[in-house]
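J.: FYI, the numbering for the sequence shown is -22 to -1, 1 to 364, going by mature numbering (1 follows the signal peptide of the UniProt record, and there is no 0). For every residue, glycine included, the Cβ atom is placed at its ideal position computed from N, Cα and C.
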Amino acid sequence: MNLLKLNAIGAVVLAAALSFYACNPKSSEKSSKEVTAQSPDSGLSISEASATVEGKEAQIYTLKNSNGVEVDISNYGGVITRLVVPDKAGNLENVVLHYQDLEGYSTSTNYFGSTVGRYANRIAKGKFELDGEEYTLATNDGAHHLHGGDKGFNKVFWEAKTIENPAKVGLSLTYVSADGEEGYPGELTTIVTFSLDNDNNLEVAFEAVTTKATIVNLTHHGYFNLSGLKENILGHELTLYANHYTPVDETLIPTGEVAPVKGTPFDFTTAHQIGERIEQVKGGYDHNYVVKAEADGQMTKMAELYHAGSGRVMELYADSPAVQFYSGNFLDGTITVDGVSYDQYFGLCLEPQTFPNSPNEESFPSARLNPGETYSHNIKYHFGVK
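(1) Checking 8 Å against the spacing of the C-beta atoms, do V291 and G362 come in under that value?
(2) Apart from the five residues on each side of it in sequence, which residues of its chain come closer than 7 Å, Cβ to Cβ, to Q276?
(3) So the candidates are T167, N72 and T30; which of them puts its Cα closest to the Cα of T189?
(4) Any idea which residues DSSP pairs I51 with across the strands?
(5) For S155, is the classification buried or exposed, using 16 other Cβ atoms within 10 angstroms of its Cβ as the cut-off for buried?
(6) I think H76 touches R100, with their Cβ atoms under 8 Å apart; what is that distance to the nearest whole Å?
(7) How many angstroms separate the CA atom of S150 from the CA atom of V318?
(8) Output needed for N335: all residues of its chain with C-beta closer than 8 Å, excluding positions within five of it in sequence on either side, in chain order.
(9) For the ligand FAD, any of its heavy atoms closer than 7 Å to the Cβ of N45?
(10) Where does G362 sit, in a helix, a strand or coil, going by DSSP?
(11) If we count the other Cβ atoms within 10 Å of its Cβ and call it buried at 16 or more, is E329 buried or exposed?
(12) Measuring straight from C-alpha to C-alpha, what distance separates G120 and A36?
(13) Can you tell me whether N88 is buried or exposed, with buried defined as 16 or more other CB within 10 angstroms of its CB?
(14) Using the DSSP secondary-structure output, state which residues sit across from G148 in a beta bridge.
(15) Would you say I211 and E185 are within 8 Å of each other, going by their C-beta atoms?
(16) Kindly list the residues whose CB is nearer than 8 Å to the CB of D227, restricted to its own chain and excluding five residues on each side of it in sequence; keep chain order.
(17) Taking Cβ positions, are G306 and Y201 nearer each other than 8 Å?
(18) Measuring alpha carbon to alpha carbon, tell me which residue in E181, L70 and L204 is nearest H198.
(19) Is the region 241 to 256 touching the region 212 to 220, taking contact as three or more C-beta pairs under 8 Å?
(20) Of the choices S52, D65, Q302 and L61, whose alpha-carbon is the least far from that of G82?
(21) What would DSSP say about I24, mapped onto helix, strand or coil?
(22) How about the region 337 to 354 and the region 105 to 114: do they share at least three Cβ pairs that are nearer than 8 Å?
(23) Measure the C-alpha to C-alpha separation of G148 and E48 and round it to an integer number of angstroms.
(24) Going by beta-carbon coordinates alone, are G56 and S92 separated by less than 8 Å?
(25) Measure the alpha-carbon distance for A183 versus G253 and round it to whole angstroms.
(26) What's the call for G33, buried or exposed, on a 16-neighbour Cβ count within 10 Å?
(27) So, helix, strand or coil for Y223, using DSSP?
(28) In angstroms, rounded to a whole number, what distance separates the CA positions of G164 and V268?
(29) Can you check which of these residues, I193, I141 and L294, is closest to L22 by C-alpha distance?
(30) With 16 other CB atoms within 10 Å as the buried threshold, where does P144 fall?
(31) Report all residues from its chain with a CB closer than 8 Å to the CB of Y162; omit the five preceding and five following residues, and keep chain order.
(32) With burial defined as no fewer than 16 other Cβ atoms inside 10 Å of the residue's Cβ, what is the status of F308: buried or exposed?
(33) Measure from the alpha carbon of L326 to the alpha carbon of each residue in E159, D264, S20 and L196, then state which is nearest.
(34) One question on the structure: do L207 and N72 come within less than 8 Å of each other, judged by their Cβ atoms?
(35) Taking the straight line between their C-alpha atoms, what separation do you get for A160 and G126?
(36) Any beta carbon from chain D within less than 8 Å of V47's own beta carbon?
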């Protein structure tokens, strides 16, 4: 990711980010009272509700724009629990997988809509070395470490502050991860900011600082289904702006190779239906696509997803070097929400990131973050129709 030196100016900027967003107290999910903040000129608004998870009260914030786009975000796990966008006929439908209620996220192994950290994706054997010291992490994916461990960022309570201005509405979430939490060195302070504007752009911005040298790789783990959850994603057309990918072994750990996609079923440089060649990929798609050699701080179009039936299009932009494409292989129908069974391939993930297992592969982009530096990672989803 883009690691920026935290000089005096940078320190002021980060401090301002921590203090800028004023808290907007509101009420509760499924309660009779709900307070809404709204800018009448822009059509942008934020409302708040509450729910119970792990025996505690959590908040769910709804961001809404003038086009009817709505995003529900909880301060538990930094989870997007609902994302409503229009189809080509103007019909508004949710396009992300979710649980029936927040309690489902507390036992989730699917990471529906979650903020993932401290390290998104896999670290082989749950071990890495930094400055000559070996660190041991939880092995919660067979022999390997996945998405931050047993209790990653997807299962903690974040401090929430709302953002309201004429251009966009949003939510800033802050979490302080203690030194040694899940085995990671350094106290890590992370800010995740979600924002929505009237151009149907949903942005997710990550910043983090540490007290010790550590590794960081944060992302959003949304499962998308542009049909409005009416069918699986095999008929969705996907374009990935990546000429290379990182092959994996049978346990989904990268082999260290960076291979060309040309002439393989991994080639989405032009649009293909996801189901067109999926049978040629053992277990389905769960691979890291290389968009650029290193994070360069520049937003790049990484992917475009299209569902012909609804006409919905999602464009993905990010400033990370890679994106993980996961085709929902491990969904097995055991989760049913509103009468809809989440069977295999019912949702897909596009997760901008640095490479999986980067701390153990010298040739991969670095995930190291030092004291005095700021980790920065920005993602944008643009929703439209054609």
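T.: Put simply:
(1) With respect to G362, V291 sits close: the two C-beta atoms are nearer than 8 Å.
(2) Only D297 meet the Cβ criterion.
(3) When C-alpha distances from T189 are compared across T167, N72 and T30, the shortest belongs to T167.
(4) In DSSP, I51 forms a bridge with Y39 and I58.
(5) Counting Cβ neighbours within 10 Å, S155 comes out buried, since at least 16 surround it.
(6) Contact between H76 and R100 is ruled out by a C-beta separation of about 24 Å, above the 8 Å threshold.
(7) Roughly 32 Å separates the two Cα atoms.
(8) Non-local C-beta neighbours of N335 in its own chain, meaning closer than 8 Å and more than five positions away in sequence, comprise N99, R100, I101, A102, I231, P232 and F342, ordered along the chain.
(9) Judged by which ligands are present, the structure shown has none, so any question about the ligand FAD falls away.
(10) Strand at G362.
(11) Looking at its Cβ environment, which holds 16 or more other Cβ atoms inside 10 Å, E329 is buried.
(12) In a straight line, the C-alpha of G120 is about 31 Å away from that of A36.
(13) Looking at its Cβ environment, which holds 16 or more other Cβ atoms inside 10 Å, N88 is buried.
(14) Beta-bridge pairing links G148 to I141 and S173.
(15) The criterion of a C-beta distance shorter than 8 Å is not satisfied by I211 and E185.
(16) Same-chain partners within the cutoff: T233.
(17) Taking 8 Å as the cut-off, the Cβ atoms of G306 and Y201 count as close.
(18) With distances taken between Cα atoms, H198 lies closest to E181.
(19) Yes, they touch.
(20) Of the listed residues, the one whose Cα sits closest to G82 is S52.
(21) I24: strand per DSSP, three-state reduction.
(22) In the pairwise beta carbon analysis, the region 337 to 354 is classified as touching the region 105 to 114: at least three pairs are separated by under 8 Å.
(23) Here the alpha carbons of E48 and G148 stand approximately 11 Å from one another.
(24) Yes, the pair counts as a contact, with Cβ atoms nearer than the cut-off.
(25) G253 has its alpha-carbon roughly 31 Å from the corresponding atom of A183.
(26) A residue is called buried once 16 or more other Cβ atoms fall within 10 Å of its Cβ, and G33, having fewer, is exposed.
(27) Y223 falls in the strand class under three-state DSSP.
(28) CA-to-CA, the gap between G164 and V268 works out to about 29 Å.
(29) When each option's Cα is compared against that of L22, the closest is I141.
(30) That one is exposed.
(31) Result list for Y162: R96, Y97, Y113, L115, S155, T192 and I193, in chain order.
(32) It counts as exposed.
(33) Of the listed residues, the one whose Cα sits closest to L326 is D264.
(34) Against a cut-off of 8 Å, the Cβ pair of N72 and L207 comes out as a contact.
(35) The question names Ala, yet the displayed sequence has Glu at residue 160. A direct Cα-Cα distance of roughly 7 Å separates E160 from G126.
(36) Going by chain labels, chain D is absent from the structure shown, which holds only one protein chain.
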